[in-house]
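In our numbering, the protein residues as written are 993 to 1313. Notes for the one structure printed next.
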């Protein structure tokens, strides 16, 4: 059954993120709703690349009904192309104006020579009490929204008017400090405060009224890139789930829970240590963790394979990605 264009989609999505079934059928596209949906999404729907490591369903298929069935019915997660595309559809159904843009991940100390391998969302919110710092018009504000980046900010980040050449520090509820840095070429660079300094994470082109939102077909080249055997996604199984005070991460056969504060509010080296870290887990225990901590049914992970993941250590993957 194609659930995409029916009330069934909103009902299933509401249930998936812990809301009453009918909740999303009559909502207004407010910033409050946008923040609540994003936090619920990151809590309930994990970032995961199990499809590249033998999980049920086979390789990723960029087809929205299939993605919806995978995430909402089979109770899986996905990576950026799947998560952000389905979330964009949800936001549009709730009345938001959404533009999907390609983004480049900061890698090995540079953006230069790095192909786009990510997508994120620019979401327009119209508020009654908007100010002069918003984008597009004086009656709306533009926000960076991302539910497919492993550890994105827990809430949307407001985009400032980039013709003002401003930077704005934004602190989200989990304590992450982010800022959006305007570039002369019209790009925005997302930075976060880590290890006592500001570090780049992503860059993308700021959309305007003429910008066309990426379709799933437009993203095929990104899928091909992240599906290569040399891709980090192919080298190691990675699953993440975020709350205000916890980050749950499964990387290969290592499970780690990082507790609060993940982001110390002082300009120093981040000395936060995991409150739990277990290495060398057997497949059966990994399947149990995927069920209990990430909500992924055993039927989805019975054919999971760890051979490639165990060839790469945890630190190397996260230093790169």
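For glycine and all other residues, C-beta sits at the position ideal for the given N, C-alpha and C.
In the DSSP assignment, residue 1115 falls within the unbroken beta strand (DSSP E) covering 1110 to 1118.
Using a Cβ-Cβ distance cut-off of 8 angstroms, the region 1232 to 1242 and the region 1045 to 1060 are not in contact, since fewer than three pairs of beta carbons, one from each stretch, lie closer than that value. Considered as a whole, the region 1197 to 1282 harbours 1212 to 1218 and 1224 to 1227 as its complete alpha helix (DSSP H) runs of no fewer than 4 residues, in chain order. Note: residue 1102 is bridge-paired with 1099 in the DSSP secondary-structure output.
Contact annotation: the region 1215 to 1231 does not touch the region 1197 to 1204, with fewer than three C-beta pairs closer than 8 angstroms.
Contact check between the region 1058 to 1076 and the region 1134 to 1144: three or more CB pairs, one atom from each, fall below 8 angstroms, which counts as touching. The alpha-carbon separation between residue 1041 and residue 1061 amounts to approximately 16 angstroms.
Residue 1068 and residue 1017 have their C-alpha atoms roughly 23 angstroms apart. For residue 1132, the enclosing beta strand (DSSP E) covers residues 1132 to 1137. Ranked by Cα distance from residue 1231, the options 1279, 1094, 1217 and 1215 are led by 1279. With distances taken between CA atoms, residue 1178 lies nearest to 1151 out of 1250, 1293, 1085 and 1151. Residue environment for residue 1301: buried (at least 16 other C-beta atoms within 10 angstroms of its C-beta).
Between the region 1095 to 1103 and the region 1180 to 1196, the count of Cβ pairs shorter than 8 angstroms is three or higher; the stretches touch. Taking 8 angstroms as the cut-off, the beta carbon of residue 1148 is found closer than this to the beta carbon of residue 1026. At a Cβ-Cβ threshold of 8 angstroms, residue 1233 and residue 1038 count as neighbours. Taking residue 1273 as the centre and dropping the five residues before and after it, the same chain places the C-beta of 1245, 1246, 1247 and 1281 closer than 8 angstroms to its C-beta, in chain order.
It is roughly 40 angstroms from the alpha-carbon of residue 1006 to the alpha-carbon of residue 1105. Counting the other CB atoms within 10 Å of its CB gives residue 1076 a total of 16 or more, which places it among the buried residues. Every alpha helix (DSSP H) of 4 residues or more that sits fully in the region 1042 to 1073 is shown, in chain order, as 1056 to 1060.
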